[in-house]
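Residue numbers (the UniProt record's numbering), protein chains in the order written: chain Z, 1 to 452; chain A, 1 to 452.
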């Protein structure tokens, strides 16, 4: 085999700007609404918790937004990330398809999350912020922000869902290695935490609670802002460096994808790879774009496109998105990063415009795909990323059936080094496929806000 | 900052041959001796446990040994590995020195070990072997051989020191993900294991015992061979791809190292980076070459250069090496990969010839260095590799004191994602520096074989 396996862009070809899909959307994104008044929110509403540069990006319709040089300098620690041809997987499947993946697990924190953690830390530092607060579930986001904070000299305070705090001590150790403080949520440090503990002293916590704690801390301290790891427009924006690089690398490989695949939780790793291809489709290209979600939390495939809150406590602005209802509690699974009731408004809008497809898989079939991938390519995927692996394999097998030599590109958003308990459970047969609860969905959708 | 941070060789410049230092040594390596007769061993003595191709490499004095194309094809999954300039660490230290590191943690198993696991699996497969047996301590080597076995369709049976088997379930999960079988040692599957259990039913195991079990399995089954992850000549040989790549990448960077640094346990990651530079020194270059070992297991700095056994059970051939005595039990530490009583005979020979320096550090100062490195460069080093990080920082601070802009190159042999318990212990103040026991050393040296 003489052809290349990996495609590395030289550092001087690393993109100098993020791509903003808002500039090219045929219809604009519905505005976010104030939780109290139901009226569109303005920058002033967000100022207590986000720096100005981030707020500007959140509402910008500029097509290209320059990546500041200090951010590019940090990106160079691991970017451009490799594009890899999964030749051994192709052989194992016996498919005529060509399978490529963009590998974001090479980042220090092991996933795509630092792509946005680094600029968020930079903008906050530039505006004189001393401390960032955030929430984390499984810990991918918390460790990424901890890493970014350490590089820009910002304190980072991470409210980690208590059940994960206790079950995943090594993610916590990673955050501490980067110098961050990690607090089990609900905590006694915030009013939100104390309220919950008064009612539920044994609470295991939830992302919704942890968000409330982190936001409260940011809103109540002058030197502290809040950082979010997915869902919002500026987060999707920062991730587009994935797709911009991939496009150049596919060109280096002399290929062009027929299908582009990424998993969807809050939507940012999907947006990162897919939005540049959505742009090309709007100009006439015909790339199939596929979002993959867990069958236990099927936001795009079973949710409603409606205004809803971002958190369980209904304190955030309302955004129009695919949602299972802010009070819907997704069943436990090993893909903590995909257990979110909503979807990035920008991704939801793309879905509504018919510019993408969505599908869902159960976690055991995703782990089976991840193990097959690991045995062929060596890399152990994060449970979240295994959803994209599963879909890529399904597409490759379809190509085999149909005798088509299509080119498949997927985003391997992270490695699974900190998720080996999930693999242990899978091998020991302990892993079950949580069934989706239609009645709980109906009840949660009943509670959607009437606004919008 | 406009200069590059990372240097990637294109795949077509990946070395086509391993470098064999035996060809250039001013005096030849003393032969290995038969444990029974005390006479030099021949290929026939090794045939029951190693394939012919490996035995040939073990005794070869050819300067260049071709890397088979199927091995290169697998190497391409992660090789050439990056050379990275640690610009942020330089800034943090305020040193005029330039610090470069070769990063081997990009391999699927997270360390340099697959560089030899892959060719060993390949040669065994080629000679019709069905199954490989091996031992592992912390699990780096076991997971690397498991990975290599999965790619060539070989069964892999790993005898894992029982205390690690219980303490490090995630390394075990990684081996199982690659399809290997992992057995707690001592086990009831071998005579060696049963003997130990009869005398010590609660035995926690040791590398020496696990080696005996793995060798017994290989020697007693026709379809099974044994694989070793360090110490032997062929292992050092396979690792030289690290130094050959690094040399080309330093040239890309327009630099040439004044000091080359690697940690030393069995000696293979050190040999991998250093031997190509030893060659250049033998031709007149003047690069300082530094091996770094734990103060609790100071083979090169406090051991004797003498014939000794490779295992505690004294079943292996005797080799001339720096040794603390085969019965010396290194105190527990988080650098499992450096807890070996001996040293690669080839590295020991290089030391005796005055072609390298050696020094030792305590583990807490190594963890402090590793944390400083992680906060500057993002990568969390493996505890073993932190010894090289510590030495590189010490050299950079010396340069600062002396006002010298030297160029430092070290081998970051692996990441610490599976070693976060060690970091947790470090942060909680639980980590102690085991003192080196001079009396135990004296007692163990008393027991050295008289042969040779």
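Note that the Cβ used here is the ideal one computed from N, Cα and C, for glycine as well.
Item: Near residue 2 of chain Z, what residues of its chain come up, given a Cβ to Cβ distance below 7 Å and the 5 sequence neighbours on each side ignored?; Value: Low confidence applies here, because residue 2 of chain Z scores a pLDDT of 43, under 50, leaving its location unreliable; read the following figure in that light. Cβ neighbours of residue 2 of chain Z beyond the five flanking positions: none.
Item: Starting from residue 141 of chain Z, follow its DSSP beta bridges and name the residues at the other end.; Value: For residue 141 of chain Z, which the question treats as bridged, DSSP gives no partner whatsoever.
Item: Give me the Cα-Cα distance between residue 453 of chain Z and residue 278 of chain Z, rounded to the nearest whole angstrom.; Value: One cannot answer for residue 453 of chain Z here, as it falls past the ends of chain Z, which runs 1 to 452.
Item: Tell me the DSSP secondary structure of residue 236 of chain Z in three-state form.; Value: helix
Item: Is residue 206 of chain Z helix, strand or coil when you go by DSSP?; Value: coil
Item: Is residue 1 of chain Z helix, strand or coil by DSSP?; Value: The pLDDT assigned to residue 1 of chain Z is 39, lower than 50, so where the model puts this residue is not dependable, and the model offers no usable value.
Item: Pair every Cβ in the segment 170-181 of chain Z with every Cβ in the segment 208-228 of chain Z, then say whether three or more of these pairs are closer than 8 Å.; Value: no
Item: Does the segment 339-349 of chain Z come close enough to the segment 254-262 of chain Z to have 3 or more Cβ pairs within less than 8 Å?; Value: no
Item: With DSSP run on the structure shown, which of helix, strand or coil describes residue 450 of chain Z?; Value: coil
Item: Taking Cβ-Cβ distances below 9 Å as the criterion, which residues of the segment 374-393 of chain A are in contact with chain Z?; Value: 374, 375, 376, 377, 378, 379 and 380
Item: Helix, strand or coil for residue 12 of chain A? Go by DSSP, reduced to three states.; Value: helix
Item: Quick one: is residue 11 of chain Z near chain A, going by C-beta distance under 8 Å?; Value: yes
Item: Near residue 152 of chain A, which residues of its chain fall below 7 Å by C-beta distance, leaving aside the five closest residues on each side in sequence?; Value: 121, 122 and 125
Item: Inspect the beta-carbon positions of residue 105 of chain Z and residue 408 of chain Z and report whether they are closer than 8 Å.; Value: no
Item: Would you list, in chain order, the members of the segment 243-265 of chain Z that have their beta-carbon closer than 7 Å to a beta-carbon of chain A?; Value: none
Item: Sort Z:377, Z:340, Z:372 and Z:391 by Cα distance to residue 362 of chain Z and report the nearest one.; Value: Z:391
Item: Spatial neighbours of residue 389 of chain A within its chain, please: CB distance less than 6 Å, with the 5 preceding and 5 following residues excluded, ordered by chain position.; Value: 369, 370, 373 and 381
Item: How about residue 64 of chain A and residue 20 of chain A: do their beta carbons lie closer than 8 Å?; Value: yes
Item: Kindly list, in the order they appear in chain A, the residues whose Cβ is closer than 9 Å to that of residue 417 of chain Z.; Value: 110, 170, 174, 415, 417 and 418
Item: Is any beta-carbon of chain A found at less than 8 Å from that of residue 288 of chain Z?; Value: no
Item: Since residue 35 of chain Z contacts residue 315 of chain Z with CB under 8 Å, what's their CB separation in whole angstroms?; Value: 6 Å
Item: Give every residue of the same chain whose Cβ lies closer than 6 Å to the Cβ of residue 93 of chain Z, excluding the five residues on either side of it in the sequence, and list them in chain order.; Value: 396
Item: Find out if the Cβ-Cβ distance for the pair residue 162 of chain Z, residue 184 of chain Z is shorter than 8 Å.; Value: yes
Item: Contact defined as beta carbons within less than 8 Å: I believe residue 425 of chain Z pairs with residue 431 of chain Z. What is the distance between those atoms, to the nearest angstrom?; Value: 5 Å
Item: List the endpoints of the continuous beta strand (DSSP E) containing residue 492 of chain Z.; Value: The question about residue 492 of chain Z has no answer here: the residues shown for chain Z are numbered 1 through 452.
Item: In this structure, does DSSP put residue 6 of chain Z in helix, strand or coil?; Value: strand
Item: Using a Cβ-Cβ cutoff of 8 Å, what residues of the segment 118-147 of chain Z are near chain A? List them in chain order.; Value: 147
Item: With a cut-off of 8 Å, does the C-beta of residue 77 of chain A fall near any C-beta of chain Z?; Value: yes
Item: Less than 8 Å between the CB atoms is what I'm expecting for residue 9 of chain A and residue 250 of chain A, so what's the real figure, rounded?; Value: That belief does not hold up - the Cβ atoms of residue 9 of chain A and residue 250 of chain A are roughly 11 Å apart, past 8 Å.
Item: Roughly how many angstroms separate the alpha carbons of residue 7 of chain Z and residue 414 of chain Z, rounded to a whole number?; Value: 18 Å
Item: Quick one: Cα of residue 227 of chain Z to Cα of residue 297 of chain Z, how far?; Value: 24 Å
Item: Less than 8 Å between the C-beta atoms of residue 340 of chain Z and residue 320 of chain Z, yes or no?; Value: no
Item: Residue 178 of chain A versus chain Z: which residues are under 7 Å apart at the beta carbon?; Value: 374 and 375
Item: Going by the CB atoms, is the gap between residue 180 of chain A and residue 229 of chain A shorter than 8 Å?; Value: no
Item: Going by the DSSP bridge assignment, what does residue 263 of chain Z pair with across the sheet?; Value: Z:292
Item: Measure the C-alpha to C-alpha separation of residue 307 of chain A and residue 209 of chain A and round it to an integer number of angstroms.; Value: 20 Å
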